[in-house]
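A.B. asks: Residue numbers (the numbering used here): 680 to 923.
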RNA sequence: GCACCCUGUUUUGCU
C-alpha cells in the first residue's frame, strides 16, 4: 500500500496524471482504498493543470467511498478555480468548505489574497489581509501573506506601499521576500537600492538563487548597465547557479 | 503527539 502511495505521488509530480488515476483504480479494484492524502496528490495536480472537471469527479468518487475532503483538498480546488479565472466558483468552494465545518487556514487565505492581487483588486486584498490580522481565529498572516501583498503592490506600480508592507514584516523575511523586494526596485529602475538589499540579504545569510540573479541581470540590462550585468552573470556561474 | 498533501518571487515572446 505504502509503495503505491509513493508511486502515485511520484506520478503526480511528474505530471503523469493518467497513470496516477490508473494506479488508483487498480488499488481500489484490489480492495485498497487510497486515503485523503493520496487523493490530494492527484486532486492538486489536476487542479494545477486546470482539469477541474476531472478533479471534481475524483472528489465525488472519493466521497462516495466514504473519504472526506480536508482543508488541503478544498485549497487545491480554490486555487484551481482562481487559476482559470472562475473566482465565483472558488468562492462557492470556499463557502462549501466553511459549511462542512472545515476552517479555512492560512493557506486558504493566502490563495485568496493572491487571487485578489492578481486581478488588481489590491484594496480588497489589503482589506482581507487586515481582516486576518484582526481575526485570530482565521490563523495569522505570515511571511507568505506579506510577500503576496508586497508583490501585488509592486505589480500595480506602488513601490511605496510595498515598502510599508516590507517594514511591517519587521525583518521577518526570507529569500523569496528579498527577491520580491529586489524585483520591485528593479522595476522602479532603482538598481542601487536593489543592490543595497542584495548586500543586506547576503549579510543575513540568505543565498541568492536563480530568481535573484535573473531579476538583477534583467534590471541592469533595462537600465543599459551591460557591464555590471555581465559581471553579475559571471558571479552567477561561478557560484553554482546556472543562468538560463 | 509528530510527519506527509494545499499558499508567495525572476526570465516580455504570441493574440
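Quick reminder that beta carbons are idealized off the backbone N, C-alpha and C, glycines included.
#1: Beta carbon of residue 696, beta carbon of residue 724: below 8 Å?
#2: Identify, in the order they occur along the chain, each residue of the same chain with its Cβ nearer than 8 Å to the Cβ of residue 904, setting aside the five sequence neighbours on each side.
#3: Can you tell me the Cα-Cα spacing of residue 741 and residue 921, whole angstroms?
#4: For residue 707 and residue 683, I'd like the C-alpha separation in whole angstroms.
#5: With DSSP as the reference, label residue 800 as helix, strand or coil.
#6: Where does the unbroken alpha helix (DSSP H) through residue 781 begin, and where does it stop?
#7: Answer yes or no: do residue 857 and residue 880 have a C-beta to C-beta separation smaller than 8 Å?
#8: Does DSSP classify residue 811 as helix, strand or coil?
#9: From the DSSP output, in three-state form, read off residue 737 for me.
C.D. replies: Taking the definition as stated:
#1: If you number the first chain from 1, residue 696 lands on position 17. If you number the first chain from 1, residue 724 lands on position 45. For residue 696 and residue 724, yes; Cβs fall inside 8 Å.
#2: Along the first chain, one-based indexing puts residue 904 at 225. Close CB contacts of residue 904 within its chain, under the 8 Å cut and outside five residues either way in sequence, are with 870 (chain order).
#3: As a working note, residue 741 is residue 62 in the first chain. As a working note, residue 921 is residue 242 in the first chain. Between residue 741 and residue 921, the alpha-carbon positions lie close to 42 Å from each other.
#4: In the first chain, the residue the question calls residue 707 occupies position 28. In the first chain, the residue the question calls residue 683 occupies position 4. Counting only the Cα atoms, residue 683 lies some 11 Å from residue 707.
#5: Start at 1 with the first residue of the first chain, and residue 800 comes out as number 121. In the structure shown, residue 800 sits in coil (DSSP, three-state: anything other than H, G, I, E or B).
#6: Working through the first chain from its first residue, we reach residue 781 at position 102. It is not in any alpha helix (DSSP H) - residue 781 carries neither H nor E in the DSSP assignment.
#7: Here residue 857 refers to the residue found at position 178 of the first chain. Here residue 880 refers to the residue found at position 201 of the first chain. Their beta carbons are under 8 Å apart, which means residue 857 touches residue 880 by this criterion.
#8: The residue you call residue 811 lines up with position 132 of the first chain. Assignment of residue 811 by DSSP, reduced to helix, strand and coil, places it in the helix class.
#9: Here the question's residue 737 lines up with position 58 in the first chain. Three-state DSSP puts residue 737 in a helix.
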